[in-house]
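The numbering of the sequence shown is our numbering, which starts it at 3 and goes up by one.
Ideal Cβ positions, reconstructed from N, Cα and C, are used throughout, including at glycine.
Quantities reported herein were computed from a predicted structural model and do not represent experimental measurements.
Inspection log for the structure reproduced underneath, given as structure tokens.
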Amino acid sequence: MNIHNILVAGNYQEQFQVQLPAKITQSFCFKQIDKITEEDLSWADVYVGFKPCPGFHFADIKWVHSFNAGVNNFLEIDGWKEHDIFLTRTVCSFGLRISEYCLSYVLRDLQYHHYFEGKQTEKKWAPKTPQLVKDQTIVIFGTGEIGQEVAKVFSSFGATVYGVSQSGKQKEYFQKVTETSSASTLVAQADWIISTLPLTNETSKLFDRAFFSNLNGAAFINVGRGLTVDEQALIEALNSQKVRYAVLDVLETEPLPETSELWERDDIVITPHISAVTELNEAIACFLDTLKRIENNEVLPNRVDFLKGY
Numbered sequence: 003m004n005i006h007n008i009l010v011a012g013n014y015q016e017q018f019q020v021q022l023p024a025k026i027t028q029s030f031c032f033k034q035i036d037k038i039t040e041e042d043l044s045w046a047d048v049y050v051g052f053k054p055c056p057g058f059h060f061a062d063i064k065w066v067h068s069f070n071a072g073v074n075n076f077l078e079i080d081g082w083k084e085h086d087i088f089l090t091r092t093v094c095s096f097g098l099r100i101s102e103y104c105l106s107y108v109l110r111d112l113q114y115h116h117y118f119e120g121k122q123t124e125k126k127w128a129p130k131t132p133q134l135v136k137d138q139t140i141v142i143f144g145t146g147e148i149g150q151e152v153a154k155v156f157s158s159f160g161a162t163v164y165g166v167s168q169s170g171k172q173k174e175y176f177q178k179v180t181e182t183s184s185a186s187t188l189v190a191q192a193d194w195i196i197s198t199l200p201l202t203n204e205t206s207k208l209f210d211r212a213f214f215s216n217l218n219g220a221a222f223i224n225v226g227r228g229l230t231v232d233e234q235a236l237i238e239a240l241n242s243q244k245v246r247y248a249v250l251d252v253l254e255t256e257p258l259p260e261t262s263e264l265w266e267r268d269d270i271v272i273t274p275h276i277s278a279v280t281e282l283n284e285a286i287a288c289f290l291d292t293l294k295r296i297e298n299n300e301v302l303p304n305r306v307d308f309l310k311g312y
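Below, the structure is given as structure tokens:
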């Protein structure tokens, strides 16, 4: 692939300049996303950014790189296969960030932080023995880079960690990986369900009434995509105690509307999609590494499989 012109959606010249090699053969154009023109798209061989610009079309573009790990906003555009265009995504410290996020809420629960904060307010000395991570059974949906990193962290604490994926292919750090279609027995044993799933046709509303009916009081953490969860089904599962506690970093609608009843519940923690914030410097480094790999005709571990959607 011959790459000459790279269009970056955002005024990131300074951040790029720090990491660009001394000898670079490509020309770069940096523009605010809402200022990108038809002429800019026609000029570019490569489009780089967090999302497509208004009026985005492929023109002569050969490769699109997403600064995010998720690419569903790019996949909404038609014509990828017809134009034979590469789509790559950012792979960096997302797994580590998400692992620490999940661990923090598991420890918060097992160490009874909320309980002891309440007793302090009441000025009551009321001992309660914390639980241990090693005694927990954790089922992680999604066994890619992020899911494996989450599994690595929890298995290092001695937890029993299972994985669920479309293929059921066995992966390191999981005691066992099961296909999604066979997960009902597995999730019935779970103390924690953690979803790292991307949004695809197969994962849309995967966590529905039928899924939650298999749980026996597990806690549920979603750090994947909001549209993988039927939120009304989750509320019903919390009401019936099929789910005892939920941590939601991603929602069906973001920002979450003030009218949503999710805000009001004591058994739900809401965070504003911060479990894996993209560090621009890391995203740029990933792009430049991908560019080098393309120039050298090397394998691209971050190339998106259009059939899978990630």
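Phe52 and Leu89 have their C-alpha atoms some 13 angstroms from each other. Judged by DSSP secondary structure, Ser197 falls within the beta strand (DSSP E) whose first and last residues are Trp194 to Ser197.
Here Gln15 is exposed, its C-beta having fewer than 16 other C-beta atoms within 10 Å.
Bridge partners of Cys31 according to DSSP: Leu9. For the 9 angstroms CB-CB criterion, Ile276 and Ala248 do not form a contact. An exposed status is given to His116, since fewer than 16 other beta-carbon atoms sit within 10 Å of its beta-carbon. The residue among Arg227, Phe209 and Leu217 with its C-alpha nearest the C-alpha of Gln234 is Phe209.
Rounded to whole angstroms, the Cβ separation of Asn304 and Val93 is 5 angstroms, and the two are in contact under 8 angstroms. Residue range Glu147 to Ser158 is occupied by the alpha helix (DSSP H) that includes Val155. Residue nearest to Lys136 within the set Glu119, Gly311, Asn70 and Ala161 is Ala161 (criterion: CA-CA distance). Cα atoms of Gly97 and Leu109: separation of roughly 18 angstroms, rounded to the nearest angstrom.
Where His67 is concerned, there is no enclosing alpha helix (DSSP H), although the beta strand (DSSP E) around it starts and stops at Trp65 to Ser68. DSSP places Lys121 in the uninterrupted alpha helix (DSSP H) bounded by His115 to Glu124.
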